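Enquirer: So that we are looking at the same thing, I have put the structure below in structure tokens.
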Amino acid sequence: MSATASHFPDTTAPEGYSRLQKVLHWAVVGLLLLQYFVFDRMGRMFHTLMDSGVTTWTVTSVAHVVIGVAVLLLVIARLGLRARHGVPDAPQEEPEPFRIAAKLAHWGIYGLLVLIPLTGLAAWFGRVGPAAGGHELMTTALLWLVVAHVGAVLVHQFWWKTNLIKRMT
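Position 19 of the sequence shown, counted from 1, bears residue number 46 in this note's numbering, the numbering being contiguous throughout.
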């Protein structure tokens, strides 16, 4: 074995996201937009379920559940790809406090994208009221984290001029 060869994987960060990482990212974004703007009428149906014990199966309820499960599966796939492929380093122009905030925000988004569908499933199929409350609170937290994420991308693009958006397009 040569002096430079190693049994350990290369731990250098990739220069960009893989095509599959990009596809999964935008697929999750699209599904979340559908959830927020088209199929977010589950509250009333959940209250009916809790009050009467009768599950209301409508286009909205089925779509909401299916999209939630799809988001969960896509996020698990993204996390697997992230573990195998890695992610690009933060641009050098990004100040250290923002690097830390970005890491925390990304892991917060990933965590919420796993927990929100799980609590939704527990609420809907298990009739667990506290899970529904957590689902609603975490959905609001996710919305705020996504707004911060988009804002950070805009700061990178127009203030620091790092062209960060190119890595995910």
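We treat Cβ as the ideally placed atom computed from N, Cα and C, and that holds for glycine.
Note that the coordinates shown come from a computational prediction; the quantities given were computed from them, not determined experimentally.
Distance check for D67 and L58, CA to CA, integer angstroms please.
Expert: Using only the alpha carbons, I get a separation of about 12 Å.
Enquirer: By DSSP, does Q62 sit in helix, in strand, or in coil?
Expert: Looking at Q62 - three-state DSSP - the assignment turns out to be helix.
Enquirer: Less than 7 Å separating the beta-carbons of M195 and H52?
Expert: A contact, by the Cβ cut-off of 7 Å.
Enquirer: Which residue spans inside the stretch 89-157 form an unbroken alpha helix (DSSP H) run of at least 4?
Expert: Here the runs fully enclosed are 123-153.
Enquirer: Output the distance between the C-alpha atoms of L99 and V155, rounded to the nearest integer angstrom.
Expert: Those two C-alpha atoms are separated by around 19 Å.
Enquirer: Among P122, I94, P157, which one has its Cα closest to the Cα of L140?
Expert: Residue I94 is the option with its Cα nearest to L140.
Enquirer: Could you spell out where the alpha helix (DSSP H) holding R71 opens and where it closes?
Expert: R71 -> alpha helix (DSSP H) spans 69-79.
Enquirer: Do P115 and A40 count as a contact pair if the criterion is CB distance below 7 Å?
Expert: Going by C-beta atoms, A40 is nearer than 7 Å to P115.
Enquirer: Got a sec? Which residues, its chain only, sit under 6 Å from R105 by beta carbon, not counting five neighbours each side?
Expert: Answer for R105: L51, listed in chain order.
Enquirer: Kindly indicate which residue of T82, T85, T189, L142 has the alpha-carbon position closest to the one of L164.
Expert: Looking at the Cα atoms, L142 is the closest of the given residues.
Enquirer: Rounded C-beta distance between V173 and I136? I'm assuming under 8 Å.
Expert: About 7 Å separates the two Cβ atoms, so the contact holds.
Enquirer: Taking H162 as the reference, which of G138, K130, L181 has the closest Cα?
Expert: Checking every option, the nearest Cα to that of H162 belongs to G138.
Enquirer: Which same chain residues end up closer than 6 Å to W187 when comparing Cβ atoms and leaving out the 5 residues on each side of it in sequence?
Expert: Excluding sequence neighbours, W187 sits near E120.
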